[in-house]
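Here's the structure, in structure tokens; my notes come after.
Numbering (the working numbering), first residue to last: 58 to 372.
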């Protein structure tokens, strides 16, 4: 049985092969994307068992996603196939090194946006230790929002730890105030919150890592790990421990998409292995660094050998 559950929308991703406006690009390379996909792939490569809770369309992208999850040893038994609505997808431009690429989403009215919270009743909680949720799902529909909150509640009922990554996508929300209210309400259900400093500024009005941490601890979090870009992270617990965790040097940034998901992979995988939070944040920074060295959202996520070699090389 899976030790980790995650919930979100897997999508087909078409990445431009050349640097040009997307309207002029003739050739693309296909990938699978989604913050929770990246998280699942990263944990699986480190030897952790993960089950994905989602819905895809009965179409070629949906079929490919199911195959992709299986090939990456991710349990897809809770991924429903919808014969009415289509799988979501993205187009991504090829950017110059170090620049954020333009991403165009096709997510309105997708199969996942019609996720039924009642589908959560099918989950077998035997052996589940951890549930990871991001703020993206809540932006896609009211039913997804309800399902995200209910999954977090069910996790607590079954004794599983819960992590929450705000993963802000303002373009998916009709209203900023609603986004702030909903995401902070979800964060209040988590044991571990993983915001970035920019997200903190949007969600609670400050870029100060300690103030961000204090805000979410005040909402009930047991620990907050605030991502501070290349500098690493700031960690604070409800017990009052607080410290900075350094980042890793990256010589050549290829694609910044997926760095935050890599950070979540490193942090949660280390905690599953019983490592202290300080070491978990350090591993998070390492995998976040590796993720931005390649194109594609999850191609840079390492196996254990590559991770250990990278961390050893930067001591």
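Quick reminder that beta carbons are idealized off the backbone N, C-alpha and C, glycines included.
| Asked | Found |
| --- | --- |
| Let me make sure I understand the geometry here. Which of 90, 171, 180 and 347 has the alpha-carbon closest to that of residue 161? | 90 |
| Near residue 174, which residues of its chain fall below 8 Å by C-beta distance, leaving aside the five closest residues on each side in sequence? | 200, 203, 204 and 207 |
| Distance, Cα to Cα, residue 214 vs residue 186? | 12 Å |
| Helix, strand or coil: how does DSSP classify residue 75 here? | coil |
| Does DSSP put residue 299 in a helix, in a strand, or in coil? | strand |
| One question on the structure: do residue 151 and residue 94 come within less than 9 Å of each other, judged by their Cβ atoms? | no |
| With respect to the alpha helix (DSSP H) encompassing residue 148, which residues constitute its N-terminal and C-terminal limits? | Looking at the DSSP string, residue 148 is not in any alpha helix (DSSP H); the run it does join, the beta strand (DSSP E), is 146-149. |
| What does the Cβ neighbour count give for residue 189, buried or exposed, with the cut at 16 atoms within 10 Å? | buried |
| Taking only three categories from DSSP, how would you classify residue 139? | strand |
| Using a Cβ-Cβ cutoff of less than 8 Å, which residues in the same chain neighbour residue 268 once the five nearest sequence positions on both sides are dropped? | 257 and 261 |
| Compare the Cα-Cα distances from residue 167 to each of 66, 240 and 105 and report the closest residue. | 66 |
| So if DSSP puts residue 70 in a beta bridge, which residue, or which two residues, is it bridged to? | 88 and 147 |
| Relative to the C-alpha of residue 146, which residue among 243, 136 and 117 is closest? | 117 |
| Between the stretch 210-225 and the stretch 130-140, can you find at least three pairs of beta-carbon atoms closer than 8 Å? | no |
| Can the beta-carbon of residue 58 be found closer than 9 Å to that of residue 106? | yes |
| Can you find the residues in the same chain that come closer than 6 Å, C-beta to C-beta, to residue 341, ignoring five residues on each side of it along the sequence? | 320, 323 and 324 |
| Take residue 85 and list the residues in its own chain whose beta-carbon comes closer than 8 Å to its own, dropping the five residues that flank it on each side. | 71, 72, 73, 74 and 148 |
| To the nearest angstrom, how far is the alpha carbon of residue 120 from that of residue 136? | 11 Å |
| State buried or exposed for residue 165, treating a residue as buried only when at least 16 other CB atoms are found within 10 Å of its CB. | exposed |
| Could you pull out every residue in the same chain whose Cβ sits closer than 7 Å to the Cβ of residue 195, ignoring the five residues on either side in sequence? | 201, 202, 205, 239, 240 and 243 |
| Looking at residue 92 and residue 253, is the spacing between their C-beta atoms short of 9 Å? | no |
| Quick one: grab the DSSP three-state call for residue 159. | coil |
| Excluding the five sequence neighbours on either side, which residues of its own chain have a C-beta within less than 7 Å of the C-beta of residue 335, listed in chain order? | 292, 300 and 302 |
| Would you verify that the beta carbon of residue 153 is, or is not, closer than 9 Å to some beta carbon of chain D? | In the displayed structure, chain D is absent; only one protein chain is listed. |
| In terms of alpha-carbon separation, which member of 359, 367 and 368 lies closest to residue 102? | 359 |
| Could you tell me if residue 132 is buried or exposed, where buried requires 16 or more neighbouring beta carbons within 10 angstroms of its beta carbon? | buried |
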